[in-house]
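So the number in this note's numbering is just where the residue sits in the sequence shown, counting from 1, plus 49.
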Amino acid sequence: MVDVREKDYVVIVQCHIVKERCSGYNCERAFNERIGGFSAYPKDNGYRSLYMTCGGCCGQAVQRKLGHLVRRIKKHEGIGKDRIVVQLASCMTKDNYHSSRCPHLDYLRCLIAKLGLDVREDTFIDEKSEKRRKAGIYTVSD
Ligand code: SF4
Ligand code: SF4
50 MVDVREKDYV
60 VIVQCHIVKE
70 RCSGYNCERA
80 FNERIGGFSA
90 YPKDNGYRSL
100 YMTCGGCCGQ
110 AVQRKLGHLV
120 RRIKKHEGIG
130 KDRIVVQLAS
140 CMTKDNYHSS
150 RCPHLDYLRC
160 LIAKLGLDVR
170 EDTFIDEKSE
180 KRRKAGIYTV
190 SD
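Here it is as structure tokens:
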């Protein structure tokens, strides 16, 4: 389990396809209000944060983008990868009205683990969507 109290820097990775028509506001609000996937983050900790998309299917750009961040932040500020946590947005991790959850999620988790970064899941969690998920409304059937 990732202890977010030991982190300084949060990277929110969002689905590139969904971001073509989403500003990402709900992710930002969830982080600011420490709700949904951010409820474990202490409010009094002034985390730095960075938002990026996966770069499009199959998400391989995540490795390059996060690798770039890891190198730069170490070089310029001495922040090690142990101080960074990656948070995968709910549009990647959950079925919702925008789209189904990311089919490359396991691959993305592996890429992030390969970089030695901790990863967590979910950002904004919409109540109505949670009810619909539980009711199986977003379940794809044959
Ligand atoms: S989780 Fe919601 S607000 Fe965040 S990028 Fe995805 S669709 Fe947009
Ligand atoms: S479906 Fe997955 S790999 Fe494809 S753009 Fe969305 S998050 Fe990225």
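All C-beta atoms in this analysis are idealised placements derived from N, C-alpha and C, irrespective of residue type, glycine included. Computed from a predicted structure; not experimentally measured.
Identity of the residue in the options nearest residue i by Cα
i: Cys64; options: Ile174, Ser149, Asp167; result: Ser149
i: Ser98; options: Cys140, Arg158, Cys159, Ile122; result: Ile122
i: Phe80; options: His125, Gln109, Ile174; result: Ile174
i: Asp155; options: His125, Gly73, Cys106, Glu77; result: Cys106
i: Gln109; options: Asp171, His153, Ile128; result: His153
i: Ile128; options: Cys140, Glu82, Tyr96; result: Tyr96
Where residue i falls, given that 16 or more other Cβ within 10 Å makes a residue buried
i: Met50; result: exposed
i: Lys143; result: buried
i: Ile186; result: exposed
i: Cys151; result: buried
i: Cys159; result: exposed
i: Asn145; result: buried
Beta-carbon gap between residue i and residue j smaller than 8 Å
i: Val119; j: Asp167; result: no
i: Val53; j: Tyr100; result: no
i: Cys103; j: Leu164; result: no
i: Ala138; j: Val60; result: no
i: Gly73; j: Asp171; result: no
8 Å Cβ shell around residue i - same chain, five flanking residues per side excluded
i: Arg132; result: Glu55, Lys56, Asp57, Tyr58
i: Ala162; result: Val168
Own chain partners of residue i with C-beta closer than 6 Å, once the 5 adjacent residues on each side are dropped
i: Asn75; result: Phe173
i: Thr188; result: none
i: Gln112; result: Leu160
Beta-carbon contacts of residue i that lie in its chain and below 7 Å, excluding the five residues immediately before and after
i: Lys114; result: Met101, Gly104
Could you pull out every unbroken alpha helix (DSSP H) segment of at least 4 residues lying fully inside the stretch 100-156, listed in chain order? 110-126, 139-142
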